[in-house]
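Going from the sequence shown to the working numbering is simple: count from 1 and add 1. Cβ coordinates follow ideal geometry from the N, Cα and C atoms, glycine included. Nothing here was measured: the structure is a model prediction, and the numbers come from that model.
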Amino acid sequence: LLRIGPVLIVGVPFELTTVAGRRLRAALRPLFDVEHVIANSYANGYAGYCTTFEEYQLQHYEAGYTLFGPHQLAALLTKLEWMAQRWGDEVPAGPELVAFDDADLDARLFDTPWTLPRRL
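This is the structure in structure tokens:
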């Protein structure tokens with residue numbers, strides 16, 4: 002979630018249907034007291050479509066590729082509402098970053114050396 006004045010940008014890894022996007026915007030506008038809500042699809046990945054419960058029941062193209070079932074939009078909205086309730090709370094520090102040296106990085110390489118076959 003990113004708020005810039007009267008605009009809220011919501012990053013989700015789903016492709017929202019038109020109605021799912023409208024419901025998402027309608028649910029978040031009053032929670033964050035903003036004029037505009039922009040849904041930014043494909044944020045940090047792709048997890049298929051996000052449809053409404055009613056669209057899922059029809060099983061048209063988008064609903065057939067809704068990976069998390071008929072309540073996916075409701076679950077997404079529940080989590081976004083949970084985030085809205087904690088908006089402005091202090092966020093605990095995450096884990097401390099570890100610096101890697103060249104030896105550490107070399108130990109993490111997954112490439113296996115190989116050679117081209119010899120010509121006979």
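Buried or exposed for residue i, going by 16 or more other Cβ atoms inside 10 Å?
i, result
"V99", "exposed"
"E56", "buried"
Check whether the Cβ atoms of residue i and residue j sit closer than 8 Å, and answer yes or no.
i, j, result
"Q73", "T67", "yes"
"F69", "A75", "no"
Residues in its own chain within less than 7 Å of residue i by CB, not counting five upstream and five downstream?
i, result
"A44", "G12, V13 and P14"
"L3", "I10"
"A48", "P14, F15 and L68"
"E91", "none"
"G46", "P14"
Leaving out the 5 sequence neighbours to the left and right, which residues in its chain are closer than 6 Å to residue i when beta-carbon positions are compared?
i, result
"V20", "T53"
"Y50", "E16, E63, Y66 and T67"
Since residue i contacts residue j with CB under 8 Å, what's their CB separation in whole angstroms?
i, j, result
"P7", "V35", "5 Å"
"L81", "L29", "6 Å"
"L32", "A104", "That belief does not hold up - the Cβ atoms of L32 and A104 are roughly 49 Å apart, past 8 Å."
If you drop the 5 nearest sequence neighbours on each side, which residues of the same chain put their C-beta closer than 8 Å to that of residue i?
i, result
"G89", "none"
"Q58", "A64 and P71"
The segment 40-58 in contact with the segment 16-29 per 3-pair CB rule at 8 Å: Yes, they touch.
Touch test, the segment 48-66 against the segment 12-19, Cβ-Cβ under 8 Å, three pairs minimum: Between the segment 48-66 and the segment 12-19, the count of C-beta pairs closer than 8 Å reaches three or more; the two stretches touch.
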